[in-house]
Amino acid sequence: MKTKLFSLFVLVIAVSCFPFAASAIENPIKPFVVVLDAGHGGHDHGNKGNGYKESEISLNIVLKVGAELEKLPNVKVIYTRKTDVFIELRERAAIANRADADLFVSVHCNAHKSDAYGAETFVLGLHKSQANFEVAKKENEVIYLEENYQEKYGGFDPNAPESLIGMVLMQEEYLDQSILLASLVQNNVINNLKRKDRSVKQAGFWVLHNTYMPSVLIETGFLTNKSEGAYLNSAKGQSEMAREISNAIKSYINSISISTEKIKDPEVKELEVEKAIEVTKEDIYEGVIFKVQLAATSKKIDPKPNNFKGLKDVAREKENGLFKYYYGETSDYNKIQVMKTFVQQKGYPSAYIVAFKKGKKVNLPEVLKSKAN
């Protein structure tokens, strides 16, 4: 039992320190292809909140993300643009499809007439609110800058919600994987950069519509917000944002590869986890409930064990239009770490710990920091 307990905590440390295992992309035949799309460009500057140019900022971030990913073995990075040029929305998707890409990531900056701020990551889907529709409409209206746009886009109208329905059906089979990546991006940016969480959302972006692979669109923040605009326009802000996006992509690649491989180590049984918890030193956070998030999806799944790899007592909650599935519920941080390791070995490698106070999700690093102080 001591050996097994030691192995559990070695795994906890390994997952924390080396989230991107070298074995994740060992396939020598076909590299893992990531297409990075810097929004706007050329005569399409995007939004110019506070005098900043979305097209320049998105390009700077994308180039930094690509530079990190290019360091990885057997990963191929393709850019829809590497300079300040105009690329049609339709061509951006076509670039990814011609490359038989495994992932499409589009980077943008947001704008609003209010003083709104924060980061949000979108997957393709029917808009859940008028606000989501307005964001998508604003990005889709780039179509009007193209010649013969009516012929090219088959009558698609960026201003008409009904035009989005067919788009969504095209991407449905990739939705779960897209949400996984979106959640990883959002988690990194919010927890590590302390940005406001505007969550993972669904909306009808044309640039995601015709890509035949998991795809996300990241709104890194609002240029129209004085503080956030200055941050995103700075070298520091762009480097930090690129770091968290690239780390999220690395984690995604790793999790996808792990989920398709057989676990080589002996499976940890639930009874052994319970015994490990019994001998684990307590680390109680009063007023805080920790849970392990297993998944987030638009599909409503019965949280019974046979739908979750045999896991018992999985809880389902609806949040921002998505169903989220949680395992465990405790104020003991050491206990929840063991439970996270268990579910990762059960087949949820991207599972992570979330914290709640009075039923509302709170920032985990802030919770941990509060006790340290």
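Counting with mature numbering (1 follows the signal peptide of the UniProt record, and there is no 0), you get residues -21 to -1, 1 to 352 for the letters of the sequence shown.
All C-beta atoms in this analysis are idealised placements derived from N, C-alpha and C, irrespective of residue type, glycine included.
From a predicted model like this one, the values you see are computed outputs, not experimental measurements.
Buried versus exposed call for residue 50 [16 or more other C-beta atoms within 10 Å across all chains shown]: exposed
Taking only three categories from DSSP, how would you classify residue 273? strand
Spatial distance of residue 159 from residue 290 (CA atoms): 19 Å
Please name the residue, chosen from 10, 272 and 63, that lies closest to residue 36 on a Cα-to-Cα basis. 63
Span of the alpha helix (DSSP H) around residue 154: 154 to 172
Nearest-angstrom Cα distance between residue 174 and residue 76? 33 Å
Where are the beta strand (DSSP E) runs, 3 residues long or more, that stay fully inside the segment 37 to 108, in chain order? 54 to 58, 82 to 89 and 98 to 103
Are the segment 20 to 27 and the segment 79 to 91 touching by the rule of at least three beta carbon pairs closer than 8 Å? yes
Quick one, which of 55, 275 and 40 has its alpha-carbon nearest residue 298's? 275
Near residue 216, what residues of its chain come up, given a Cβ to Cβ distance below 7 Å and the 5 sequence neighbours on each side ignored? 210
Looking at the structure shown, is residue 347 part of a helix, part of a strand, or coil, going by DSSP? helix
Helix, strand or coil at residue 341 [DSSP, three-state]: strand
With C-beta atoms as the reference, is residue 221 less than 7 Å away from residue 44? yes
Which whole-angstrom value describes the C-beta separation of residue 163 and residue 98, a residue pair presumed to lie in contact below a C-beta threshold of 8 Å? Between residue 98 and residue 163 the Cβ distance is about 13 Å, and since that is not below 8 Å, they are no contact.
Which class does residue 11 belong to by DSSP, given the choice of helix, strand or coil? strand
Using only CA atoms, which one of 235, 269 and 34 lies nearest to residue 339? 269
Just curious, the alpha helix (DSSP H) that residue 209 is in, first and last residue? 205 to 212
Straight-line CA distance for residue 329 to residue 38? 28 Å
Beta-carbon spacing of residue 13, residue 56 below 7 Å: yes
Residue of 288, 312 and 271 minimising C-alpha distance to residue 296: 271
So, for residue 326: in the same chain, excluding its five sequence neighbours on each side, which residues have a beta-carbon less than 6 Å away from its beta-carbon? 288
Just verifying my parser: in three-state terms, what is the DSSP assignment at residue 280? coil
Cross-strand partners of residue 17 (DSSP beta bridge): 86
Where residue 294 sits in the DSSP three-state scheme: strand
Does the beta-carbon of residue 214 have 16 or more other beta-carbons within 10 angstroms, so that it is buried, or is it exposed? exposed
Residues of its chain near residue 311, where Cβ-Cβ distance is below 7 Å and the 5 sequence neighbours each way are ignored: 261, 262 and 263
Can you tell me whether residue 200 is buried or exposed? The criterion is at least 16 other CB atoms within 10 Å of its CB, across all chains shown. buried
Tell me whether residue 79 is buried or exposed, calling it buried when 16 or more other Cβ atoms sit within 10 Å of its Cβ. exposed
What are the boundary residues of the beta strand (DSSP E) that includes residue 302? 301 to 309
Spatial distance of residue 171 from residue 69 (CA atoms): 34 Å
Using only CA atoms, which one of 47, 332 and 346 lies nearest to residue 166? 332
Straight-line gap, residue 353 to residue 316 (C-alpha atoms, nearest Å): This structure gives no information on residue 353, because the portion of the chain shown stretches from -21 to 352.
Across which residues does DSSP place residue 198 in a beta bridge pair? 87 and 99
Express the C-alpha separation of residue 95 and residue 265 in angstroms, rounding to a whole number. 33 Å
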